[in-house]
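Residue numbers (the working numbering): 17 to 184.
Printed below as a string of structure tokens:
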């Protein structure tokens, strides 16, 4: 999975020789991966409404693209928290929003029954995203039966999720 996302230029290592698979994936990293996957023209984005995002950062245009297209929003009206590790429930929600943006998201009344042992920990706003990402098999639970909605997603875990998405 790591080789797939690196070879497709969706991920870059943290250096020329290091990927850091067990490091946390940040919100900016995940949005950048989706933007690269979508072929976003970063020159089309010149400004942002987020105080903690600068357009000259490696992720600025991607954050603005995601916000403009309702793929991801900030943690407040003015803060995106780009360097904050992304949680699994945030990732499921953003990935579901990306699918909706692409015309491949959930439509109408639908739901699946989730059998994760920690469903009570899934935030109300993340329920649909967790269901959709599970239904599509982009994301799965852990061996102990939990989903780990509040867990920080690692770079390796994210590579697996993106590889599954690409293969679907």
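Glycine included, every Cβ here is placed at the ideal spot set by N, Cα and C.
Same chain, Cβ closer than 8 Å to residue i, five either side skipped, listed in chain order
i           : result
residue 166 : 103, 104, 105, 137
residue 83  : 64, 65, 66, 89, 90, 96
residue 56  : 77, 78, 81
residue 75  : 44, 45, 47, 48, 69, 98
residue 25  : 52
residue 112 : 121, 122, 144, 145, 148, 149
residue 128 : 147, 150, 151
Selection from the options that minimises the alpha carbon distance to residue i
i           : options           : result
residue 161 : 133, 182, 169, 55 : 133
residue 46  : 61, 177, 128      : 177
residue 180 : 168, 169, 154     : 154
residue 170 : 113, 182, 100     : 100
residue 139 : 118, 163, 62      : 163
residue 119 : 93, 135, 87       : 87
residue 33  : 62, 19, 124       : 19
Rounded distance between the beta-carbons of residue j and residue i, thought under 8 Å
i           : j           : result
residue 130 : residue 107 : That belief does not hold up - the Cβ atoms of residue 130 and residue 107 are roughly 16 Å apart, past 8 Å.
residue 85  : residue 172 : With 8 Å as the limit, residue 85 and residue 172 do not qualify as a contact, their Cβ atoms being about 27 Å apart.
residue 159 : residue 109 : About 23 Å separates the two Cβ atoms, so there is no contact after all.
Start-to-end residues for the alpha helix (DSSP H) that takes in residue i
i           : result
residue 178 : 171 to 183
residue 161 : From DSSP, residue 161 is part of no alpha helix (DSSP H); its letter is neither H nor E.
residue 23  : 18 to 23
residue 151 : 143 to 151
Close-in-space but distant-in-sequence residues of the same chain around residue i (CB under 6 Å, 5 per side omitted)
i           : result
residue 115 : 121
Output the residue ranges of the alpha helix (DSSP H) runs that lie fully inside the segment 67 to 130 and measure 4 residues or longer, sorted by chain position. If we require 4 residues or more, the alpha helix (DSSP H) runs fully inside the segment 67 to 130 come out as 76 to 84, 104 to 117.
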